[in-house]
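As structure tokens, the structure follows; a few thoughts come after it.
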Amino acid sequence: MRANSIRDGARLATRMSLPFVLVALLAVATARAQVPAGTPEDVGLSAKRLERIGELIRRAIDADQVSGAVTVVARRGRVAHFEAHGLENIEADAPMRKDTIFPIASMTKPVTGVAILMLVEEGKVRLSDPVSRFIPEFRDTQVAMPRSNAAGEDDDIYTVPAKREITVQDLITHTSGLVSGGAGSEAASRIAPRRPTDTVAGWTAALGAVPLDFQPGSRWAYSGLAGIDTLGRIVEVASGLTFDEFLRRRIFEPLGMKDTAFNVPDHSMPRVVTLYRRTPGGLERRAVPEWVATTTLHGGGGGLWSTAEDYLQFAQMLVNRGELNGTRLLGSRTVDLMASNHVGDLYAQAGRTGGRPGKGFGLTVDVVLDAVEAREDHRSTGSFGWSGAFGTTFWVDPKEDLTAILMVQTPGGPLRADFQNAVMQAIVD
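Per my numbering, residue 3 is the first one in the sequence shown, and the count goes up by one each step.
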């Protein structure tokens, strides 16, 4: 489809999202939500300034950065902004809906972090536990070392024993070295390929034989799937439930997250977003990757599908320090622990795979340590959150009693930072 046609369709789809219509519909749209609607002025936000979020999204649509988006902002326990713009499917000219279902990719990880912390509170898991307590194959772990050829180039590896076993803490903070892009990761593709027909139990058992990329705890490097998928298996062993069942029973149902799961049911498929990538000729449709499309390998690193409203329930529980409308998942001190920096300066120094100055890493979430140093993120000191590979993002701001969610289906570009700026500039109290 030509770029002009995409823009025209997107503009048409956003006409019903104009601010004066949204004000009238906001209470209806959130009537079934756990987080109730409110007016911007009642929660210290400017309605006029919140309109800049929609303007930002429309500019991104016009520039072929995205085909559509859903945005939510809540403060002081009230939804002050909830909009859908553009198209969820370009080819079908289907408007984006507030209940459109997105693959949230690594926004699965904070959900996994909460599951682990619930089990920590119950005394079934310790952050200091070796992974081998739950998955015996992780005993006697080796670390990969690059072997240089005559030209001084790394072309092979040898292994040395790990100085200590990797722990739950290493996995949850991305300091384990398990399939994190280093010398051992290539071996992982041979020793423990992640097959979409596998289970998290089968895959993580195989991962026990994979050499680590570095000595545990010595570096921060993102383990996009393996490390947090392994946490999903630990949840299974410690709880006696499959990981997807644990999330459904213990997190999603208590929080009223009716559209969040690893597999979208048939009756909800018409609400599933279409994924796109940017090309010089405009947005191009892309297939759902195997690591998301699997119906059997439900790991902690990615794979959940959700809506903006559903994920808001989870985020609001965090900004409330573990509780939502009488349902408490975590103690307040445990949420504080989740949102604290656990890795010193390892995250800020991790280069392209890590954060920026002024930021640290908590338990499956990044943390703003200094808002001035981390000013490109436009977030307050103490805020925390994470993003997904397809462009989605969320953060929780305890200082401002605020949370914000951006759901899109095209990764990359400046949209996340621009969205953060548009949200924060709307605070006027």
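No residue lacks a Cβ here, since even glycine has one placed at the ideal position from N, Cα and C.
Going straight from the alpha carbon of residue 90 to that of residue 310, what length do you get?
-> Each residue's Cα considered, the two are about 13 Å apart.
Take residue 425 and list the residues in its own chain whose beta-carbon comes closer than 6 Å to its own, dropping the five residues that flank it on each side.
-> Contacts found: 75, 406.
Between residue 251 and residue 325, what straight-line distance do the alpha-carbon atoms span, to the nearest angstrom?
-> Rounded to whole angstroms, residue 251 to residue 325 spans 16 Å at the Cα level.
Could you work out which residue in 278, 182, 214, 294 is closest to residue 198 when comparing CA atoms only?
-> Check the Cα spacing between residue 198 and each of 278, 182, 214, 294: the tightest is with 294.
Tell me the start and end of each unbroken beta strand (DSSP E) in the region 218-288 that is at least 3 residues and wholly inside, in chain order.
-> Taking only runs of at least 3 residues, the beta strand (DSSP E) segments lying wholly in the region 218-288 are 278-281, 284-287.
As assigned by DSSP and simplified to three states, the class of residue 73 | Strand at residue 73.
Whole-angstrom distance between residue 150 and residue 308, CA atom to CA atom | Cα to Cα, residue 308 sits roughly 46 Å from residue 150.
Quick one: Cα of residue 105 to Cα of residue 159, how far?
-> In this structure, the straight-line span from the alpha carbon of residue 105 to that of residue 159 is close to 36 Å.
Would you report the Cα separation of residue 84 and residue 118, rounded to the nearest angstrom?
-> Rounded to the nearest whole angstrom, the C-alpha separation of residue 84 and residue 118 is 30 Å.
For residue 194, which of helix, strand or coil comes out of DSSP?
-> Shown here, residue 194 sits in coil according to DSSP, grouped into three states, outside any helix or strand.
Could you give the distance in angstroms between the alpha-carbon of residue 129 and the alpha-carbon of residue 399?
-> If you draw a straight line from the Cα of residue 129 to the Cα of residue 399, it comes to about 25 Å.
Using three-state DSSP, classify residue 110 as helix, strand or coil.
-> Here residue 110 sits in helix by DSSP.
At which residue ranges does the region 313-349 contain complete alpha helix (DSSP H) runs of 4 or more residues, listed in the order of the chain?
-> Listed in chain order, the complete alpha helix (DSSP H) runs (minimum 4 residues) inside the region 313-349 are 334-340.
In this structure, does DSSP put residue 92 in helix, strand or coil?
-> Coil.
Figure out for me which residue from 317, 382, 277, 59 has the closest Cα to the Cα of residue 111.
-> Ranking 317, 382, 277, 59 by Cα distance to residue 111 puts 317 first.
Under 8 Å between C-beta atoms of residue 434 and residue 68 = Outside the shown range of the chain (3 to 431) lies residue 434, about which nothing can therefore be said.
Assign residue 43 to buried or exposed, taking buried as 16 or more other Cβ atoms, counted over all protein chains shown, within 10 Å of its Cβ.
-> With fewer than 16 other Cβ atoms within 10 Å, it is exposed.
Measure the Cβ-Cβ separation of residue 240 and residue 136 and say whether it is below 8 Å.
-> Cβ distance < 8 Å, so residue 240 and residue 136 count as in contact.
Cβ-based neighbour list, residue 369, same chain, cut-off 8 Å, excluding 5 preceding and 5 following | Counting only Cβ-Cβ distances below 8 Å, and skipping sequence neighbours, we find 341, 342, 343, 361, 362, 363, 384, 385, 386.
Separation of residue 313 from residue 1, as counted between CA atoms | It is not possible to answer for residue 1, since the shown part of the chain is limited to 3 through 431.
Are the beta-carbon atoms of residue 183 and residue 213 separated by less than 8 Å?
-> Contact annotation: residue 183 and residue 213 have beta-carbon atoms that are not nearer than 8 Å.
By how many angstroms is the C-alpha of residue 395 removed from the C-alpha of residue 280?
-> The straight-line gap from Cα to Cα measures roughly 18 Å.
May I ask which residues mark the beginning and end of the beta strand (DSSP E) holding residue 404?
-> From DSSP, the beta strand (DSSP E) with residue 404 extends over 404-409.
Assign residue 271 to buried or exposed, taking buried as 16 or more other Cβ atoms, counted over all protein chains shown, within 10 Å of its Cβ.
-> The residue is exposed, with fewer than 16 neighbouring Cβ atoms inside 10 Å.
Under the three-state reduction of DSSP, which class applies to residue 150: helix, strand or coil?
-> Reduced to three states, the DSSP call for residue 150 is strand.
Exposed unless 16 or more other CB atoms sit within 10 angstroms - verdict on residue 414 = In this structure residue 414 is exposed. Its beta-carbon is surrounded by fewer than 16 other beta-carbon atoms within 10 angstroms.
Relative to the C-alpha of residue 365, which residue among 168, 333, 195, 174 is closest?
-> Among 168, 333, 195, 174, the Cα nearest to that of residue 365 belongs to 174.
Nonlocal neighbours in the same chain, by C-beta distance under 7 Å from residue 416, ignoring five residues either side | Closer than 7 Å at the Cβ level, and outside the excluded window around residue 416, lies no residue.
What does a CB cutoff of less than 6 Å around residue 258 pick up in its chain, not counting 5 residues either side in sequence?
-> Annotation for residue 258: 36, 315 place their beta carbon closer than 6 Å to its own, counting only its chain and skipping 5 residues before and after.
Please list, in chain order, all residues of the same chain as residue 54 whose beta carbon is under 6 Å from its beta carbon, the five residues on each side excluded.
-> Beyond the five residues adjoining it in sequence on each side, residue 54 comes within less than 6 Å, by CB distance, of 424 in the same chain, given in chain order.
Nearest CA to the CA of residue 220: which residue from 268, 179, 39?
-> It is 179.
Touch test, the region 221-232 against the region 193-207, Cβ-Cβ under 8 Å, three pairs minimum = By the Cβ rule, the region 221-232 counts as touching the region 193-207, because three or more pairs are nearer than 8 Å.
Which value, in whole angstroms, describes the spacing of the CA atoms of residue 122 and residue 138?
-> If I take the Cα positions, the gap works out to 20 Å.
Residue of 358, 390, 388 minimising C-alpha distance to residue 376 = It is 358.
What number of angstroms, rounded off, separates the C-alpha of residue 278 from the C-alpha of residue 166?
-> Their backbone Cα atoms lie some 43 Å apart in a straight line.
Given a threshold of 16 other Cβ atoms within 10 Å of its Cβ, counted over all protein chains shown, does residue 379 qualify as buried or as exposed?
-> Counting Cβ neighbours within 10 Å, residue 379 comes out buried, since at least 16 surround it.
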